[in-house]
Every structure is written in C-alpha cells, then in structure tokens.
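Peer 1:
Residue numbers (this note's numbering): 484 to 706.
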C-alpha cells in the first residue's frame, strides 16, 4: 500500500470536519466499550447473586433467620435479596401494627417489593439506552462524514484540468474511513444492547416469579 493511502495518513489528511466526525465517533466507541464492560460485570454479578440467594431461600426455610442475617450483613446481598428484605420488613411491620389483617400485610409486602424491584431494574437497565443510541446513531454520523468528505474531494477536482482515479481516490478513501469508524462504533453497541436487554429481561422474570412465590409463602404464614 502506498504511504499516502495508509490508514493514519488518510486520517491526518482528511478535512477538518471529517476529522471532527472521526473524533466524535471515537469518543462514542470508547464510551460504548466502557458501558459494555461495566454492564457485563454488573449483570454477571446480578445473576450470580440471584442464584446464590435462591439457593439459600429455598434451602433454609427459616425466612426470619434469613432476613436477620441479611440485615446484619452475615450473608452477601443482591438484587433479589434486597427485594426480599423490603417485602419481609414491611410484612413484619404491618403484622405488628395490624395483627390479624392478612390483606394489609400482603398488600404492604407487595408494594414494598414492587418498589424495590423497580429500583433494582432501573440499576440493571442503566446505560442500555446509551448503547441503543450509539448503535443507531453512529452509522449516520459516519455517513455524514463520508458524504462531506466526498463532496470536499470532488470540489478539489474543480481546480484540476484532468480528473483521474489517482487524483480522486485519496479523498474518497479519507471520506470512507468515517463510515468504517461509524460501523466499528455501532456494531458492538447493538450486539451488546441486545444481549444485555435479554439478560435484564430474564432477571426481571425471575424477580417477578420470586415476588409471587414469596407472597404465597407469606399468605400461608399470616393465617
């Protein structure tokens, strides 16, 4: 490959606007990869915590003891454990205030767990919108840089008496790099968004199922 058509040389000789587009896409790509790694770690830990808590929940049978251990920090917590804590705390509080009122106990526990569930899902779904936006917008930003670069290249041909492929090729190559960088930023973001959204939905289903099962257990204990 000729030196003037090397990747670095094409970026350095691109027009100022195209360079700014490339810089913007680079920033989006760095932000996307940062969000991808953080979200991957967060969801991996959330799944591990949920598996561990479900094993403890169904193994112990002593919900009061499990609740006290979680509150005292003797057991590692997680999203589902915090949902359990919120529901159990409200159930015990309502049972003291309104003994015998099963409906009030269950309603209070349900509302507390739903509020905790929503807080946990907000945390799990944080930054997914950024990945979706990066995946959908980056190709268009790159395309804008490409169109502008090609226009700039053809305007330069106006001062040339004889237009040849060798004369226009560097300018077009500079412009196409913007599209390539746009795709480089978009593809990982789209793949990661789809994967993480699926994982978050699976955790949401597990939390919903746990809330229903826990309420059934509380209903039997409240009688």
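We put the CB at the ideal spot given by N, CA and C, even for glycine.
Taking 8 Å as the threshold (C-beta atoms), are residue 621 and residue 511 in contact?
Peer 2: By 1-based counting over the chain shown, the position of residue 511 is 28. By 1-based counting over the chain shown, the position of residue 621 is 138. For residue 511 and residue 621, yes; Cβs fall inside 8 Å.
Peer 1: Since residue 579 is in the alpha helix (DSSP H), which residue starts that stretch and which ends it?
Peer 2: To locate residue 579, count along the chain shown from 1; it is residue 96. Segment 562-580, the alpha helix (DSSP H) holding residue 579.
Peer 1: Check whether the Cβ atoms of residue 661 and residue 688 sit closer than 8 Å, and answer yes or no.
Peer 2: What you label residue 661 is simply residue 178 of the chain shown in a count that begins at 1. What you label residue 688 is simply residue 205 of the chain shown in a count that begins at 1. No, they are not a contact pair.
Peer 1: Please report the Cβ distance between residue 562 and residue 603, rounded to the nearest whole angstrom; I am assuming they are in contact, meaning their Cβ atoms lie under 8 Å.
Peer 2: As a first step, residue 562 must be located in the chain shown, where it is residue number 79. As a first step, residue 603 must be located in the chain shown, where it is residue number 120. About 4 Å separates the two Cβ atoms, so the contact holds.
Peer 1: Measure the CB-CB distance between residue 672 and residue 614 and report whether it falls below 8 Å.
Peer 2: As a first step, residue 672 must be located in the chain shown, where it is residue number 189. As a first step, residue 614 must be located in the chain shown, where it is residue number 131. Result yes, Cβ atoms of residue 672 and residue 614 sit closer than 8 Å.
Peer 1: Are the beta-carbon atoms belonging to residue 570 and residue 596 less than 8 Å from one another?
Peer 2: For this step, residue 570 is matched to residue 87 along the chain shown. For this step, residue 596 is matched to residue 113 along the chain shown. Contact: yes.
Peer 1: What do you get for residue 696, buried or exposed, if any count of 16 or more other CB atoms within 10 angstroms of its CB means buried?
Peer 2: The residue you call residue 696 lines up with position 213 of the chain shown. Exposed: under 16 other Cβ atoms inside 10 Å.
Peer 1: Counting C-beta neighbours from all protein chains within 10 Å, is the total for residue 578 16 or more, i.e. buried, or is it exposed?
Peer 2: For the purposes of this step, residue 578 is taken as residue 95 along the chain shown, with counting starting at 1. Classification for residue 578: buried.
Peer 1: Using DSSP with H/G/I as helix, E/B as strand and the rest coil, what is residue 555?
Peer 2: If you number the chain shown from 1, residue 555 lands on position 72. Looking at residue 555 - three-state DSSP - the assignment turns out to be coil, as it is neither helix nor strand.
Peer 1: I'd like to check one pair, residue 633 with residue 656: are the Cβ atoms closer than 8 Å?
Peer 2: By 1-based counting over the chain shown, the position of residue 656 is 173. By 1-based counting over the chain shown, the position of residue 633 is 150. Cβ atoms of residue 656 and residue 633: not closer than 8 Å.
Peer 1: Helix, strand or coil for residue 665, going by three-state DSSP, please let me know.
Peer 2: Along the chain shown, read from residue 1 onward, the residue named residue 665 stands at position 182. Residue state, collapsed to three classes: helix.
Peer 1: When burial is assigned at 16 or more other CB atoms within 10 Å of the CB, is residue 573 buried or exposed?
Peer 2: As a working note, residue 573 is residue 90 in the chain shown. Buried, because 16 or more other Cβ atoms sit within 10 Å of the Cβ of residue 573.
Peer 1: Note the first and the last residue of the continuous alpha helix (DSSP H) segment covering residue 595.
Peer 2: What you label residue 595 is simply residue 112 of the chain shown in a count that begins at 1. Where residue 595 is concerned, the enclosing alpha helix (DSSP H) stretches over 585-607.
Peer 1: I believe residue 508 touches residue 670 by the beta-carbon criterion, under 8 Å. Please report the beta-carbon distance rounded to the nearest angstrom.
Peer 2: Position 25 of the chain shown, counted from the first residue, corresponds to residue 508. Position 187 of the chain shown, counted from the first residue, corresponds to residue 670. Not quite, the Cβ-Cβ distance comes to about 12 Å (not below 8 Å), so this is no contact.
Peer 1: Helix, strand or coil for residue 610? Go by DSSP, reduced to three states.
Peer 2: Along the chain shown, read from residue 1 onward, the residue named residue 610 stands at position 127. Correct three-state label for residue 610: coil.
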